[in-house]
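> From first to last, the protein sequence lines are chains H and W. The numbers in my numbering rise by one with no breaks, and the one at position 89 of the first sequence is 1022. The numbers in my numbering rise by one with no breaks, and the one at position 72 of the second sequence is 83. Every residue, glycine too, gets a C-beta built ideally from N, C-alpha and C. Note that the structure is predicted; figures quoted are calculated from it, not measured.
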Amino acid sequence: MASSSQSPTKLYLMIWAWLAGLMLIGVFLSELPIPKATIVLIVLGLSSIKATLVALYYMHLKMDRWVLALVALVPLVLIVLALSVVFAGRLVQL
Amino acid sequence: MMSQAQAIGASGHANVPTATGIPNGKLGMWIFLASEVMFFTGLIGAYIVLRLSHPAWPGSEGHLIVHIGTINTLVLICSSTTIVMALAAAHRGATPAVRWWLLATIGLGALFLTIKGFEYAAKFSHHIVPSTNIFWSCYFVLTGFHALHVLGGIVFNTLVLAWTRDERLWAEHAHRLELAGLYWHFVDIVWIFLFPLLYLF
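#1: For W:Gly56, decide whether its Cβ has a neighbour in chain H, counting only Cβ atoms nearer than 8 Å.
#2: Under a three-way DSSP split, which group does H:Met996 fall into?
#3: By how many angstroms is the C-alpha of H:Ser980 removed from the C-alpha of H:Phe961?
#4: Measure from the alpha carbon of W:Ser91 to the alpha carbon of each residue in W:Phe197, W:Leu211, W:Tyr210 and W:Leu208, then state which is nearest.
#5: Mind checking which residues open and close the alpha helix (DSSP H) that includes W:Asp199?
#6: My parser needs the alpha helix (DSSP H) runs of 4 or more residues fully inside the segment 92-180 of chain W; what are they?
#7: Would you kindly work out how many angstroms separate the C-alpha atoms of W:Phe129 and W:Thr116, rounded to a whole number?
#8: Where does H:Ser937 fall in DSSP's three states?
#9: Distance check for H:Ala950 and H:Leu944, CA to CA, integer angstroms please.
#10: How is the alpha helix (DSSP H) around W:His67 delimited, first residue to last?
#11: So, using beta-carbon positions, are W:Phe151 and W:Trp68 closer together than 8 Å?
#12: Assuming the contact rule is C-beta atoms closer than 8 Å, W:Cys89 and W:Leu124 should be a hit. Round their C-beta distance to whole Å, please.
#13: Can you name, in chain order, every residue of its own chain whose Cβ lies under 8 Å from the Cβ of W:Gly192, other than the five neighbours on each side?
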């Protein structure tokens, strides 16, 4: 995909194209007659890729100190824990 | 005369040595953003739990126009690019370019809020308000808090734009452009998840 050794402007424009393209793919897929659970997984997967691109290249986590990546990862770990609790509760109900 | 690239590197508090090697302001902004992630996770998590509890959700009463959401998403993606271009221009010492890219970012943020305002107005004209049903409660809370964050970002970006007009102030505050950019990208990331959750499913 994109390389940080390129000129920043070219890199940023390439990331913009990826973000816009992935977003339009998600909108297109959501219109197709595909089972809802599959669409949700695919589109949220695409959103995660877009968020990662923004964090790595626009927020410069790829080039910055690893301490910042750790700070960014802490809430993600907490999110996984929170979702685990929510879905564990639903499984118990079933 | 000090170039803007030098200004960013040597200005104000940005270059004070720290134990982590990261400027305090930048580390503080990342910690703040981590707390903001938890704030929106709480709201989005509540939305997901409520939605999973209602199989027929949102039904015919919960219709949002996808192409308006798509346009607004494109607007925010473009604004993320313009603010990172402003930072790149600052690193080159090209202050006039910084101003133009910041102005574009502020304009795109205002466009996002204007489109959102028209969306809200259309809903209100059909007597759809936060108390209409649980879907609309979630919609107005999620998009309302996000819009407030966009507004906060516009204010921050406008402050940075104002600092570029005075060489002395810019030399002192140039490093805050990066902080404004980090905040703005966070606002973009939140919308990246809100858009499909509210408009596409």
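In short, the structure shows the following:
#1: Here residue 56 of chain W is taken as the residue at index 45 of the second sequence, counted from 1. Yes, W:Gly56 counts as interfacial toward chain H.
#2: Locating residue 996 of chain H in the first sequence gives position 63, counting from the first residue. Coil at H:Met996, not helix or strand.
#3: For this step, residue 961 of chain H is matched to residue 28 along the first sequence. For this step, residue 980 of chain H is matched to residue 47 along the first sequence. If you take the alpha carbons of H:Phe961 and H:Ser980, they lie about 14 Å apart.
#4: As a first step, residue 91 of chain W is located in the second sequence; it is residue number 80 there, counting from the start. Nearest of W:Phe197, W:Leu211, W:Tyr210 and W:Leu208 to W:Ser91, Cα basis: W:Phe197.
#5: Within the second sequence, residue 199 of chain W is the residue found at index 188, counting from 1. Unbroken alpha helix (DSSP H) run through W:Asp199: Arg187 to Phe206.
#6: 106-136 and 145-175
#7: The sequence position of residue 129 of chain W within the second sequence is 118, counting from 1. The sequence position of residue 116 of chain W within the second sequence is 105, counting from 1. The alpha-carbon atoms of W:Phe129 and W:Thr116 are separated by roughly 20 Å.
#8: Counted from its first residue, the first sequence places residue 937 of chain H at position 4. Confidence is the limiting factor: at H:Ser937 the pLDDT is only 47, short of 50, which leaves the residue's position unreliable, though a coordinate-based value still follows. H:Ser937: coil per DSSP, three-state reduction.
#9: On the first sequence, residue 944 of chain H is found 11 positions in, with the first residue counted as 1. On the first sequence, residue 950 of chain H is found 17 positions in, with the first residue counted as 1. H:Leu944 and H:Ala950: Cα-Cα distance of roughly 10 Å.
#10: Along the second sequence, read from residue 1 onward, the residue named residue 67 of chain W stands at position 56. The identity of residue 67 of chain W in the sequence shown is Ala, whereas the question assumes His. W:Ala67 -> no alpha helix (DSSP H), and no H or E assigned at all.
#11: Taking the first residue of the second sequence as 1, we reach residue 151 of chain W at position 140. Taking the first residue of the second sequence as 1, we reach residue 68 of chain W at position 57. Result no, Cβ atoms of W:Phe151 and W:Trp68 do not sit closer than 8 Å.
#12: The count along the second sequence starts at 1 and reaches residue 89 of chain W at position 78. The count along the second sequence starts at 1 and reaches residue 124 of chain W at position 113. W:Cys89 to W:Leu124, Cβ: 15 Å. No contact.
#13: Counting from 1 along the second sequence, the entry for residue 192 of chain W is found at position 181. Ile94, Val95, Ala97 and Leu98.
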